[in-house]
Amino acid sequence: MDAHADLGEAPVTLPTVGTNLTDLIFRRKKITIRELGGCMGPIWPKYYLDCTSVIFVVDCGNIGQISSSCMQLLSVLSAEPLHAAAVLILFNKRDLPCTVSLVELKSLFRMDDIIRSAPQSITTLEISGRSGQGLQDVPGCFQTALRHERCGCRELGANIISQLTSDR
């Protein structure tokens with residue numbers, strides 16, 4: 001996967017209501033992405049032990065779920081098995097006209113405070129799964145996680161948990 005590769009046509013997007021598994025080959029390593037829907041929040045901790053990275057997706061098109069998303073994020077960040085995990089927070093659906101600004105979202109989440117106090121390395125990106133905006137930057141975050149591995153941290157290649165915070 002090349003960080004600057006053409007992503008092609010934007011995929012059809014559907015909310016995740018269960019779990020999905022996808023394997024990717026990245027830099028000759030197999031990476032398993034386990035996608036867990038927001039409604040699966042109560043069972044997320046069962047998947048933390050083998051997790052080396054977290055992709056947390058915030059549905060910016062669902063303003064009513066923003067506070068719930070923040071609570072779920074705080075729960076993920078406070079989980080002991082994830083303290084060494086690299087965390088990528090994706091603010092999705094930024095192309096919709098009804099979303100609040102990224103500055104407002106980060107303020108609602110108190111993102112600066114979270115990044116400052118969380119034990120994890122946290123990166124945030126603004127994306128649109130529908131149009132593909134910002135998706136070209138996601139592989140670069142995998143490269144960052146690989147560099148994180150070389151520093152003696154946990155091995156990359158087990159699971160990356162993609163947690164969707166809204167299923168509506």
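So in the UniProt record's numbering, spot 51 of the sequence shown is number 51, and the numbers just go up one at a time.
Using N, Cα and C, we set each Cβ at its ideal position, and we do this for glycine too.
Since the model is a prediction, treat every value here as computed from it, not as a measurement.
Within 10 angstroms of the Cβ of residue 229, are there 16 or more other Cβ atoms? Answer buried if so, exposed if not. No statement about residue 229 is possible, as the shown extent of the chain runs from 1 to 168 and does not include it.
Residue ranges of each beta strand (DSSP E) within the segment 83 to 151, 3 or longer: 86 to 92, 121 to 126
Report the three-state DSSP secondary structure of L49 (helix, strand or coil). coil
Inter-residue Cα distance where the pair is S53 and T32: 11 Å
Count the other C-beta atoms from every protein chain shown that fall within 10 angstroms of the C-beta of C98, then say buried if there are 16 or more, exposed otherwise. exposed
What does DSSP give as the partner residues of N20 in its beta bridges? E35
Would you say residue 171 and L96 are within 9 Å of each other, going by their C-beta atoms? Look at the range of the chain in this structure, 1 to 168, and you will see that residue 171 is not part of it.
Taking G134 and E126 to be in contact with their CB atoms under 8 Å, please state how far apart those CB atoms are, rounded to whole angstroms. 6 Å
Please tell me whether F109 and C70 are closer than 9 Å, where the distance is taken between their beta carbons. yes
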